[in-house]
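Worksheet: one structure, shown below.
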Amino acid sequence: MSRYFYVTTPIYYVNAKPHLGHVYTTVIADVLARFHKLSGDVVFFLTGTDEHGDKIMETARSLGTTPRELADENSQRFRDLWPLLEVRHDRFIRTTEPDHVQTVQRILQEVYDRGDIYFGEYGGYYCTGCERFMTETEMEDGACPIHKRPLSFVQEKNYFFRMEKYRPWLVEHIQANPDFIRPERYRNEVLGMLREPIDDLCISRPKSRLTWGIELPFDRDYVCYVWFDALINYLTGIGYPDGAGFDPLWKEAQHLVGKDILKPHAVYWPTMLKAIGLEPYRHLNVHGFWNVDAAKMSKSLGNVVDPLDLKDKYGVDAFRYFLVRDMVFGLDANFSEEALIERYNADLANDLGNLVSRSTKMVTRYFDGVLPAPSGDTTDMERELVDRASVVVGEFKERMEALELHTALISVWSLISAANRYVDRASPWELAKKDRARLSTVMYHLVETIRIVAVLINPVMPLASRKILDLVGWTGEVSLNDVLPFGKLTPGVSVSPAEALFPRVERLAKAACDAAPTKQQKEEKRPGGPSNLVDISRFGEIEIRVGRVLEASRVEKSDKLLALTVDVGRRIRIVAGIGTSYTPEELAGKHIAVVTNLKPATLMGLKSEGMLLATDCEEGGLALVGFDRTPKVGAKVR
Ligand code: MSP
11 MSRYFYVTTP
21 IYYVNAKPHL
31 GHVYTTVIAD
41 VLARFHKLSG
51 DVVFFLTGTD
61 EHGDKIMETA
71 RSLGTTPREL
81 ADENSQRFRD
91 LWPLLEVRHD
101 RFIRTTEPDH
111 VQTVQRILQE
121 VYDRGDIYFG
131 EYGGYYCTGC
141 ERFMTETEME
151 DGACPIHKRP
161 LSFVQEKNYF
171 FRMEKYRPWL
181 VEHIQANPDF
191 IRPERYRNEV
201 LGMLREPIDD
211 LCISRPKSRL
221 TWGIELPFDR
231 DYVCYVWFDA
241 LINYLTGIGY
251 PDGAGFDPLW
261 KEAQHLVGKD
271 ILKPHAVYWP
281 TMLKAIGLEP
291 YRHLNVHGFW
301 NVDAAKMSKS
311 LGNVVDPLDL
321 KDKYGVDAFR
331 YFLVRDMVFG
341 LDANFSEEAL
351 IERYNADLAN
361 DLGNLVSRST
371 KMVTRYFDGV
381 LPAPSGDTTD
391 MERELVDRAS
401 VVVGEFKERM
411 EALELHTALI
421 SVWSLISAAN
431 RYVDRASPWE
441 LAKKDRARLS
451 TVMYHLVETI
461 RIVAVLINPV
471 MPLASRKILD
481 LVGWTGEVSL
491 NDVLPFGKLT
501 PGVSVSPAEA
511 LFPRVERLAK
521 AACDAAPTKQ
531 QKEEKRPGGP
541 SNLVDISRFG
551 EIEIRVGRVL
561 EASRVEKSDK
571 LLALTVDVGR
581 RIRIVAGIGT
591 SYTPEELAGK
601 HIAVVTNLKP
611 ATLMGLKSEG
621 MLLATDCEEG
631 GLALVGFDRT
641 PKVGAKVR
């Protein structure tokens, strides 16, 4: 029987153009939707725009336009953007659409008739940025903690939703369903909010103050509060109440949101659903924020990242890969173009690009572009590769389901690295001279591994995936259910040589850093202080990450050098001069600090891709720089 999967993004306000933050949530939703489609599920993916309320009204007024014109223009920008990023939603909803207006009015009337909406008076501090009242505990020095703007006190007669009444039920529901809100940090945050009374929710605005909204069906002098209107889009979008697909899809609803809108989704929405008489959604998936240079993206700081610019420079696939790979779902991440380039060069140009390019070229060179049947002996090397592939497929699926998206990719990259190591160890160029049967086995295993990798990366990099599958002659369906067993590619298919799938990108010019010191910089060198002060941005150019030593061995003919395989989020090799202070055995499993963005160097014929940090000991010899708690492998050392 088919499983259902219904995923939503927040509907975005139309007071501004789309930026990196909106793109992140929507790309993640698309990745999940594609993953579930490839797993054979019935999928519905909803996104759209949130068009009513004070915020839109105010922006329109300040731009000398009408809210409708502003909404039309900016909604269209979002709608136009998604196909350019390979985002394939099933519906793009606008809260000004007639079916949504009707659904909101119907729900308002039903909840009112049941007695869960009442008329009363309320005074409180309102943030137009968040479009909600802030409680005393949420406020910071009289300002909104997110928008940092002073709050205005609003007192008026309004309609209220009996939200507090449902608080005990909600607490129980969250406690009984540990993955209702995930990751756990946000679940805890919500349980914290629910420890105190939550007040009833003011769900109207008098028309004397705001007309840009959905009229209350039971009082034409009021419009509906924008959040009450907006959240209902998740029901309208799949045809509530009697659309054919509504019931099975709603049972499997998952919302994706940024941490900024946790409270409306984790508190208002489930209590509203309870009052409507519907089951709550299955999961609320909450992610962190992309910051730029450690600051929140904002127009006033001028650090808003334009997604189209990045897509044009690096391609859709690489941009999507970076977004998924470089943010731990749930935590904040820092965006920098430099990090994107580094990720691109290391993972895409080097690891994946190289593997595909050298493997397909060898099939062309040695077998005229026809995939050979594996006719030679199968060794441990092949068995290891096949085992890794099957472990990775399982791991990938599990991690995607658990929303551990970046580790799902790390797992796929472990297979890519294994395949690259396999090429090095099996040396097909040597076999070509002496053992064609073995060569055929090696080439078959390589190309088949590439097919599996191409299927796994499909949700994140749909274009590259398709391209690679075409190159290796896979004409079948792309599906995650039957990606295994290993050996699905039929010998005899044509394999085409890959031209650079991901051509290397040069690092950004850091003109400012390379320039001679300015007068001011010279003056900053205080007498008695270090004479080589560096600017913080310059220090930031050096990337130090937590590494875990996976293997270590002595380098032949050297008593000082050890060759280490280190996991720094990807596997790298480091050749280090610590052989007189450490034995290979005591290094395995150690957490160390590694400079990961040095130009590779060759030592005793071995390429070293990083540098570990060490210092002199009192008693002589070297001590590795380490950590006093267990650090996260791959995390940046700041
Ligand atoms: N209209 C409301 C949502 C209503 S949903 C029923 C809204 N809109 S918004 O345009 O402000 O979008 C907020 C969302 O955009 C965040 O929850 C997040 O998904 C995304 N992001 C905006 N800035 C972001 C970052 N800097 N980083 C990551 N995502 C962020 O709130």
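Each residue of the sequence shown is one higher than the one before, counting from 11 in the working numbering. Note that beta-carbon positions come from the ideal geometry of N, C-alpha and C, so glycine has one too.
Is the CB-CB distance between residue i and residue j below 8 Å?
| i | j | result |
| --- | --- | --- |
| R104 | E61 | yes |
| V422 | V402 | yes |
| V457 | A436 | no |
| V515 | I351 | yes |
| G31 | G340 | no |
| Y232 | P216 | yes |
| I584 | A624 | no |
| T113 | I242 | yes |
| V236 | E131 | no |
| H29 | M307 | yes |
| G50 | S489 | yes |
| F102 | T57 | yes |
| K27 | N84 | yes |
| L333 | V17 | no |
| V24 | L80 | yes |
| I127 | G139 | no |
| T504 | G483 | The question names Thr, but residue 504 is Ser in the sequence shown. Yes, Cβ-Cβ distance for S504 and G483 is below 8 Å. |
| K642 | I554 | no |
| P469 | R44 | yes |
| L288 | D64 | no |
| L161 | M149 | yes |
| N355 | N301 | no |
| A429 | T459 | yes |
| G223 | C234 | yes |
| V296 | Y196 | yes |
| R335 | L419 | yes |
| P317 | V493 | no |
How is residue i classed by DSSP in three states: helix, strand or coil?
| i | result |
| --- | --- |
| H293 | strand |
| I21 | coil |
| T612 | strand |
| K167 | strand |
| N301 | strand |
| A276 | helix |
| A598 | coil |
| H265 | strand |
| S162 | strand |
| T246 | helix |
| V233 | strand |
| L30 | helix |
| K646 | strand |
| V315 | coil |
| T307 | A quick correction: the sequence has Met, not Thr, at residue 307. Correct three-state label for M307: coil. |
| L220 | coil |
| V470 | coil |
| M621 | strand |
| A603 | strand |
| G636 | coil |
| T59 | strand |
| D336 | helix |
| G538 | With a pLDDT of 36 at G538, under the threshold of 50, the modelled position of that residue is not reliable, and the figure given next carries that caveat. In the structure shown, G538 sits in coil (DSSP, three-state: anything other than H, G, I, E or B). |
List the DSSP bridge partners of residue i.
| i | result |
| --- | --- |
| F651 | Since the displayed the chain opens at 11 and closes at 648, residue 651 lies outside it and no answer follows. |
| F345 | V302 |
| P495 | Paired residues: none, contrary to the question. |
| L211 | F171 |
| I351 | In the DSSP output, where bridge partners are listed per residue, I351 has none listed. |
| I582 | V576 |
| R192 | N295 |
Please report whether the beta-carbon of residue i lies at a distance below 8 Å from any beta-carbon of chain D.
| i | result |
| --- | --- |
| R555 | In summary, chain D is missing from the structure at hand, where a single protein chain is found. |
In chain order, each beta strand (DSSP E) run of at least 3 residues that lies wholly inside the stretch 83 to 158: 101 to 104, 127 to 137 and 142 to 144
Secondary structure, alpha helix (DSSP H): runs of 4+ residues fully inside the stretch 364 to 436: 364 to 377, 390 to 411 and 415 to 436
Residue ranges of each beta strand (DSSP E) within the stretch 551 to 578, 3 or longer: 554 to 564 and 572 to 577
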